[in-house]
Amino acid sequence: MHIDKELDTRGLNCPLPILKAKKALAEMLSGQLLRVVSTDAGSTRDFQAFAKQTGNELVEQQTVGDDFIHVLKRR
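Quick note on numbering: the sequence shown equals residues 123 to 197 in this note's numbering.
Shown next as structure tokens:
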């Protein structure tokens, strides 16, 4: 999977990872992929809701150690 942009939001709590992702997606082209790495356990649920509300596709979510990784596709 080709990631076009990556955000490290480790240590930030809701809503900061979502706000940073929203800003990053606004600067990207349609179809590009954004990978967000977070340590906020609530981010999994938050990114699912964010994708539904904005129409951006949540391509993948995974947990690696203490990190929650979210991959979004710009609509």
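The C-beta atom is built at its ideal place from N, Cα and C for all residues, glycine as well.
| task | Sort out for me which residues DSSP pairs R157 with in a bridge. | result | Working through the sequence shown from its first residue, we reach residue 157 at position 35. DSSP, once it has assigned bridges, lists E128 and V193 as partnering R157.
| said: Classify D168: buried if its beta carbon has 16 or more other beta carbons within 10 angstroms, exposed otherwise. | reply: On the sequence shown, position 46 is the one that residue 168 refers to. Looking at its Cβ environment, which holds 16 or more other Cβ atoms inside 10 Å, D168 is buried.
| query | Nearest CA to the CA of L129: which residue from A148, S165, R157 and V181? | reply | Position 7 of the sequence shown, counted from the start, is the residue given in the question as residue 129. When each option's Cα is compared against that of L129, the closest is R157.
| field | Outcome for N178 when other beta-carbon atoms lying within 10 angstroms are tallied against a minimum of 16 | value | Along the sequence shown, read from residue 1 onward, the residue named residue 178 stands at position 56. Per the 10 Å Cβ criterion, buried.
| In chain order, what residues of the same chain lie with their CB nearer than 8 Å to the CB of Q183, ignoring the 5 residues before and after it? | Numbered from its first residue, the sequence shown carries residue 183 at position 61. Closer than 8 Å at Cβ, skipping near neighbours: T166, F169, Q170, F190, I191, H192 and V193.
| Which residue comes first and which comes last in the alpha helix (DSSP H) that contains L141? | Walking along the sequence shown from the start, residue 141 turns up at place 19. Residues L138 to A148.
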